[in-house]
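Undergrad: From first to last, the protein sequence lines stand for chains A and B.
Take 34 as the starting number for the first sequence in our numbering and just add one per residue.
Take 7 as the starting number for the second sequence in our numbering and just add one per residue.
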Amino acid sequence: MPLITIDDQQIEIAAGSTVMDAARAAGIYIPHFCYHKKLSIAASCRMCLIEVEKAPKPLPACATPVTDGMVVRSHSAKAVEAQKGVMEFLLINHPLDCPICDQGGECQLQDIAVGYGGVASRYAEAKRVVKEKDLGPLVATDMTRCIHCSRCVRFGQEIAGIMELGMPGRGEHTEVMPFLEHHVSSELSGNVIDLCPVGALTSKPFRFSARSWEMARRKGISPHDGLGSNLALQVKDNRVMRVTPVDNEAINECWLADRDRFSYQALNSAERLTRPMVKDGGRWVEVDWPKAMAFAAGALKVIRDTHGASAIGFIASPHQTVEELYLFQKLARALGCENIDSRIDRVDFSGRRDGVEWLGMAVTDLNKLDRVLLVASTVRKEQPLIAQRLRQAVKKGAQMNMVHCADDDLLCPVANKLIARPSDLVNILAQVAKAVGADIDGLSDVVVSDAARAMAASLKSGEKKAVLLGAVAQQHPAASELHVLAQAIAKATGATLGFLVDSANAVGAGVVGCRPRQGGLNAAAMFVAPKKAYVILGAEPELDAADSAVAHQALAGAELVIALSPFKTAGADYAQVMLPVAAYAETAGSYVNMEGRLQSWCAAIPPQGEARTAWKVLRVLGNQFGLAGFDQDSAEQVLAEALPEGEATVRARLNNEIADVTVAHLNAAAGIERLGDTAVYQLDAYSRRAPALQVTVDGQVGHAAMACGALIARLGLSEDKPVKVRQSDAEVVFKLMRDDRLPDNVVRLAGGLAAAVQLGPRFGPISLEKM
Amino acid sequence: MSAPYTGPKVCLWTLDHANPASLETYVANGGYSALKKILAEKTPAAEIIEQVKISALRGRGGAGFPTGLKWSFMPRNYEGDKYIVCNSDEGEPGTFKDRDIIEFNPHQLIEGMVIAGYTLGAKAGYNYIHGEIFELYESWEKALEEARSAGYLGNNICGSGWAFDVHAHQGYGAYVCGEETALLESIEGKKGQPRFKPPFPASFGLYGKPTTINNTETLASIPWIMRNGGQAFLDLGKPNNGGTKIFSISGHVNKPGNYEIPMGTPFADLLVMAGGVRDGHTLKAVIPGGSSAPVLPAEIIMACTLDYDSIAKAGSMFGSGAVIVMDETVCMVKALERLSYFYYEESCGQCTPCREGTGWMYRVVHRIEHGEGRPEDLDLLMSVGNNIAGRTICALGEAAVGPVQSFIKHFRQEFEYHIEHKRCMVGA
């Protein structure tokens with residue numbers, strides 16, 4: 034390893050490293066703008082010029098490879114003179130508008146100017162003014178402030194996987210801009226806000242609402258997908274003003290998906306439930322907590338006494354904390370009820386499972402894979418940052434194989450893909466299983482296509498492999514068959530079987546027992562055979578359920594629905610009592626992410642209005658019934674009870690194995706069918722209440738019915754026009770959009786949409802009719 | 007004063023014949039014989055490179071890097087594609103020599119590229135032709151087609167079974183694309199801006215493959231060297247400065263144009279060949295190597311010989327051999343304003359000192375020219391120049407600074423007069 038000397042410090046560093054790497058390792062700060070640890074080297078800002086012995090000119094630390102015996106001076110007179118010269122150039126055309134700039138106080142240019150800038154400017158000519166660019170609803174621009182570091186441009190190409198920003202123009206006329214008539218619409222777009230070292234790109238929803246130094250930064254965990262991205266919730270006056278990432282190389286690195294970053298808006302939504310409410314004669318009345326609790330407990334007691342505990346259904350959102358979910362199932366069981374579930378969007382519970390489904394490996398292992406089989410995952414929208422890791426793996430040579438119901442653009446080369454209608458998915462995966470020689474019954478009639486054989490060949494080669502089941506596979510009507518086939522493929526190829534867990538605490542929910550045991554009903558069954566009463570924690574089953582129409586009907590027809598929610602719109606039309614509980618940022622709690630990592634946090638802000646943390650509400654409900662074991666004083670105490678050995682308890686319960694499943698659904702259905710995967714900004718109660726996300730391209734597309742051009746033409750319909758969508762007996766009008774990435778006879782209409790509740794199941798027959 | 011040069015010419019000798027650009031003229035005068043001999047005898051690459059080294063041929067594009075040495079940087083045993091690229095992006099103001107080679111002796115350039123391709127083990131060659139000479143793009147394509155038909159390009163060159171082809175690539179007029187790595191980016195279809203080096207093109211060039219980039223005149227000199235030997239080429243010029251060289255002389259002379267003469271010829275002789283300073287005027291200053299070379303006052307340049315060493319010793323650059331002559335009527339402030347506007351306009355904008363600094367320098371010079379100069383401006387210009395030069399990704403930074411600092415150094419009085427009197431000293 035080369036030994037180099039930086040500022041009289043000797044450091045040994047791997048060959049191929051740069052002077053910047055060495056300086057960072059030695060804890061020496063070299064000023065820089067265009068350099069970023071996760072991006073390629075541009076060496077264009079020239080701020081990191083340093084003096085290297087025997088080199089005639091100052092060299093950029095970020096792009097100068099180390100050589101043995103090299104002597105570097107990063108703070109010598111010669112180096113500082115060069116750095117100051119660059120600083121002067123950067124400032125001559127930079128506006129002096131720090132007082133009205135959102136970057137003020139957290140601006141790299143401002144900070145470095147303190148050390149390297151002059152007291153007054155020698156530049157007496159006119160300054161450059163650059164026209165604003167419209168980058169969409171999330172990223173605001175003040176392009177006159179741009180210092181052309183090109184971080185945002187490189188981020189698009191290298192991390193987001195799509196070049197949405199470029200730098201046309203020459204010399205002083207160089208400008209960062211999107212393609213003509215385009216916005217920035219990547220699901221990771223908000224990261225350019227963090228990357229921009231100046232105030233050229235800032236957060237649009239946050240714009241002008243607080244100064245950086247007025248806010249406290251409090252740690253949180255993202256409540257959306259199963260990754261558990263680390264958040265800095267930035268708080269002013271007990272309000273979350275914005276969210277930025279906390280670096281965690283093992284999870285989100287330094288990135289956040291837009292969903293993680295902007296859904297904080299829901300915390301401040303007008304839809305927040307701030308006082309307990311009871312329905313009195315069909316009208317909602319605000320009451321105080323003792324009254325509400327007495328009412329809820331009393332009504333529930335009546336149901337139990339009249340119809341038995343099994344007449345009650347307990348449904349929790351998998352986005353609630355470990356502590357809440359633990360007490361929730363504890364309450365149900367103490368009341369004698371086994372109808373407990375958080376898998377609201379699942380329909381196929383067949384087969385024998387011995388544990389809680391998880392990723393099957395560490396999140397960081399994804400980057401090291403050689404072969405990937407992605408089964409039915411809209412991965413960029415389900416798992417924006419997992420998709421990013423898989424792209425990095427592909428960049429390093431991994432072969433991506435994709436089995437899905439839509440030819441979604443993964444923004445990376447895909448070695449083999451098999452695209453089929455949802456009802457044909459089992460057949461397609463069975464072909465791959467047969468081609469890899471999987472040990473599984475029932476495949477004798479399966480005809481293996483060349484494409485499946487090619488995919489099998491890819492999966493049989495390579496060292497580190499994974500078969501990953503996405504949300505569509507998990508929500509699929511034949512989910513267990515897909516699971517057992519994936520398991521067989523993994524076994525035959527030496528791959529790890531993993532689940533891309535799509536909710537923040539689905540693993541935690543499973544681990545603490547939010548699942549029906551002997552004699553209990555799962556979520557789907559609780560709606561198909563309606564219960565007399567439901568206790569709902571944080572969920573909106575009418576939106577999230579596998580069959581929204583059936584769920585809604587069951588809830589509307591129940592004698593009693595008790596809704597514990599941060600939002601008054603959840604359950605307003607079917608509940609009898611609504612108890613305001615704290616949102617994720619307002620409670621101490623823990624999530625278990627898809628790799629089984631337990632992450633706890635403290636409340637960043639107090640609950641809004643009279644809302645109470647949910648674990649306390651559940652504890653008091655237990656007290657109302659006079660139940661034993663509901664006397665915890667803190668979230669920590671609840672956690673210790675829920676997971677006595679912490680992560681070890683979690684790990685002991687993780688298992689992706691499935692047995693007792695027969696592969697039967699090998700023949701595709703005739704006719705047009707629905708693909709009802711979850712739209713990216715409809716995943717949970719928070720993201721669907723973030724206005725900025727709803728007006729993005731993804732947010733808009735999520736509200737439309739999509740079909741390929743061939744189908745639209747055959748049905749005599751017109752794209753971008755309203756169309757009647759019919760499913761079962763229901764009919765709803767949606768905008769019809771064309772997406773030629775969909776196979777024929779498939780209509781993609783997202784699950785989780787308020788407008789689509791009546792339509793029913795996420796998969797199955799659907800028809801389109803002209804208006 | 008010596009007589010006009012009548013000895014052998016390396017590149018523009020076809021002009022002494024009818025139909026100078028035709029394949030027949032070229033072949034009838036020994037053209038393609040070097041290539042045939044090399045292919046027939048399977049001359050080892052090392053021997054060819056040795057001859058080029060002996061010839062002391064130095065890069066004719068402006069940097070003057072020894073060509074043989076550059077060729078020896080190409081990895082020999084690299085498995086995979088390699089490329090050679092001819093840089094005909096002749097954008098340096100004052101330079102107009104490469105266009106004449108393409109127009110009047112295209113086959114010698116083709117032969118040079120093919121020999122280079124053979125020597126360096128390249129799969130193909132690209133000729134990147136400056137955007138402003140689009141009519142030559144077509145004549146070049148025609149010459150390529152002629153060479154292909156005659157078996158000097160293609161899958162079986164001269165019956166040897168060896169395959170190599172040359173493709174033309176049209177530039178679109180950006181000066182910076184003459185910088186070799188920006189040129190590569192441009193061929194790849196990207197925005198033309200220089201790459202940071204290392205890695206150098208010899209290891210990571212076109213499409214990431216080992217690539218050698220040479221100027222048009224450099225490559226066109228290769229067949230002559232291979233026909234006559236490296237020593238003969240060296241003997242045309244002087245030690246360390248082999249061959250003849252085309253000088254593009256422009257400005258205030260009676261007969262501007264291209265003159266191919268031996269390296270080391272006194273500047274005074276070239277001035278005579280060009281008909282002398284225009285009648286009734288006296289020599290004031292000369293930019294000896296294209297607009298980015300520092301200007302030299304008359305008394306200094308008149309003592310120089312035209313070779314790398316002499317011009318460098320005088321404080322300027324031999325450059326591309328573009329000699330810009332200015333007589334006593336030239337206002338040096340006005341001239342510098344025009345030059346600094348060029349660099350301001352042509353900076354690619356990638357790196358900070360050049361993007362911001364060229365505009366700053368131009369604006370200050372513009373102010374001085376327009377009677378709004380301030381006494382501190384000259385020191386400011388020198389200081390801004392110092393903050394650009396040596397701190398940029400490519401040499402455009404230095405190129406922009408060269409004129410500014412040399413004009414002020416040699417003609418400071420004129421600038422001071424402009425600032426003080428808000429008008430021109432020479433009355434231009």
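Glycine included, each C-beta is placed from N, C-alpha and C at the ideal position.
Run through chain A and tell me which residues come within less than 7 Å of residue 356 of chain B, C-beta to C-beta.
TA: Correct list: 77.
Undergrad: Whose Cβ in chain A lies nearer than 7 Å to the Cβ of residue 399 of chain B?
TA: Here the neighbours are 76, 77.
Undergrad: With DSSP collapsed to three states, give me the class of residue 173 of chain A.
TA: Residue state, collapsed to three classes: strand.
Undergrad: Touching or not, the stretch 165-179 of chain B and the stretch 226-235 of chain B, by the rule of three or more beta carbon pairs under 8 Å?
TA: With the cut-off at 8 Å, the stretch 165-179 of chain B and the stretch 226-235 of chain B do not touch.
Undergrad: Distance check for residue 501 of chain A and residue 392 of chain A, CA to CA, integer angstroms please.
TA: For residue 392 of chain A and residue 501 of chain A, the distance between alpha carbons rounds to 8 Å.
Undergrad: Could you work out which residue in B:357, B:193, B:205, B:17 is closest to residue 401 of chain B when comparing CA atoms only?
TA: That would be B:357, whose Cα lies nearest to the Cα of residue 401 of chain B.
Undergrad: According to DSSP, what are the bridge partners of residue 316 of chain A?
TA: Looking at the DSSP assignment, residue 316 of chain A forms a beta bridge with A:313.
Undergrad: Between residue 89 of chain B and chain A, is there a C-beta pair that is closer than 8 Å?
TA: For residue 89 of chain B, the answer is no, since every Cβ of chain A falls outside 8 Å of its Cβ.
Undergrad: On the three-state DSSP scale, how would you describe residue 182 of chain A?
TA: Reduced to three states, the DSSP call for residue 182 of chain A is coil.
Undergrad: Could you check whether the stretch 251-270 of chain A touches the stretch 314-332 of chain A, counting it as contact only if at least three pairs of C-beta atoms, one from each stretch, sit closer than 8 Å?
TA: The stretch 251-270 of chain A is not in contact with the stretch 314-332 of chain A.
Undergrad: Between residue 187 of chain B and residue 65 of chain B, what straight-line distance do the alpha-carbon atoms span, to the nearest angstrom?
TA: Taking the straight line from one Cα to the other gives about 16 Å.
Undergrad: Does the Cβ-Cβ distance between residue 374 of chain A and residue 549 of chain A come in under 8 Å?
TA: Against a cut-off of 8 Å, the Cβ pair of residue 549 of chain A and residue 374 of chain A comes out as a contact.
Undergrad: Under three-state DSSP, which class holds residue 393 of chain B?
TA: Correct three-state label for residue 393 of chain B: helix.
Undergrad: Once you ignore the five residues that flank residue 385 of chain A on each side, which residues in its own chain have a CB closer than 6 Å to its CB?
TA: Answer for residue 385 of chain A: 692, 693, listed in chain order.
Undergrad: Residues of chain B with a CB under 8 Å from the CB of residue 119 of chain A: which are they?
TA: Those are 358, 359, 393, 397, listed as they occur along chain B.
Undergrad: First and last residue of the beta strand (DSSP E) that includes residue 76 of chain B?
TA: Segment 73-78 is the alpha helix (DSSP H) holding residue 76 of chain B; no beta strand (DSSP E) there.
Undergrad: Do the stretch 455-465 of chain A and the stretch 515-532 of chain A meet, that is, are 3 or more Cβ pairs less than 8 Å apart?
TA: The stretch 455-465 of chain A vs the stretch 515-532 of chain A: in contact.
Undergrad: Would you list the one or two residues that DSSP bridges to residue 634 of chain A?
TA: DSSP lists A:622 as partners of residue 634 of chain A.
Undergrad: Please name the residues in the stretch 106-140 of chain A whose beta-carbon is closer than 8 Å to at least one beta-carbon of chain B, in chain order.
TA: Listed by position, the residues of the stretch 106-140 of chain A near chain B (Cβ gap below 8 Å) are 115, 118, 119, 121, 122, 123, 125, 126.
Undergrad: Are residue 345 of chain B and residue 163 of chain B close, meaning C-beta to C-beta below 8 Å?
TA: Not closer than 8 Å, so no.
Undergrad: Name the chain A residues whose beta carbon is nearer than 7 Å to that of residue 369 of chain B?
TA: The contacting residues are 158.
Undergrad: With distances taken Cα to Cα, identify the nearest neighbour of residue 451 of chain A among A:489, A:100, A:431, A:62.
TA: Residue A:489 is the option with its Cα nearest to residue 451 of chain A.
Undergrad: Name, please, each residue of chain A whose Cβ falls closer than 8 Å to the Cβ of residue 204 of chain B.
TA: Within chain A, the residues near residue 204 of chain B are 98.
Undergrad: Are the C-beta atoms of residue 51 of chain A and some chain B residue less than 8 Å apart?
TA: Not an interface residue.
Undergrad: Could you pull out every residue in the same chain whose Cβ sits closer than 7 Å to the Cβ of residue 791 of chain A, ignoring the five residues on either side in sequence?
TA: If we look at residue 791 of chain A and ignore the five residues flanking it on each side, its Cβ neighbours are 582, 763, 765.
Undergrad: Could you give the residue range of the alpha helix (DSSP H) that holds residue 131 of chain B?
TA: Element bounds for residue 131 of chain B: not the alpha helix (DSSP H) but the beta strand (DSSP E), 130-135.
Undergrad: Within the 8 Å Cβ cut-off, does residue 204 of chain A reach chain B?
TA: Yes, residue 204 of chain A lies at the interface with chain B (some Cβ there is under 8 Å from its Cβ).
Undergrad: Give me the Cα-Cα distance between residue 210 of chain B and residue 274 of chain A, rounded to the nearest whole angstrom.
TA: Approximately 47 Å between the Cα atoms of the pair.
Undergrad: What residues from chain B crowd round residue 90 of chain A, counting only those whose CB sits closer than 9 Å?
TA: Correct list: 395, 396, 397.
Undergrad: Would you identify the three-state DSSP class for residue 241 of chain A, choosing helix, strand or coil?
TA: Residue state, collapsed to three classes: coil.
Undergrad: Measuring CA to CA, which of B:288, B:94, B:315, B:409 is closest to residue 190 of chain B?
TA: Residue B:94 is the option with its Cα nearest to residue 190 of chain B.
Undergrad: Cutting at 8 Å between CB atoms, please list the residues of its own chain near residue 143 of chain B, excluding the five before and the five after it.
TA: Once the five neighbours on either side are set aside, the close Cβ partners of residue 143 of chain B are 135, 174, 176.
Undergrad: Distance, Cα to Cα, residue 6 of chain B vs residue 133 of chain B?
TA: What the structure shows of chain B is the stretch from 7 to 434, and residue 6 of chain B is not part of that stretch, so it cannot be assessed.
Undergrad: Given this structure, state the Cα-to-Cα distance separating residue 7 of chain B from residue 431 of chain B, to the nearest angstrom.
TA: Residue placement at residue 7 of chain B is poorly supported in this model, since its pLDDT is 48, which falls under 50; the coordinates still yield a value, given next. If I take the Cα positions, the gap works out to 33 Å.
Undergrad: Name, please, each residue of chain A whose Cβ falls closer than 7 Å to the Cβ of residue 386 of chain B.
TA: 155, listed in chain order.
Undergrad: Rounded to the nearest angstrom, what separates residue 578 of chain A and residue 370 of chain A at their Cα positions?
TA: Going from the Cα of residue 578 of chain A to the Cα of residue 370 of chain A covers about 21 Å.
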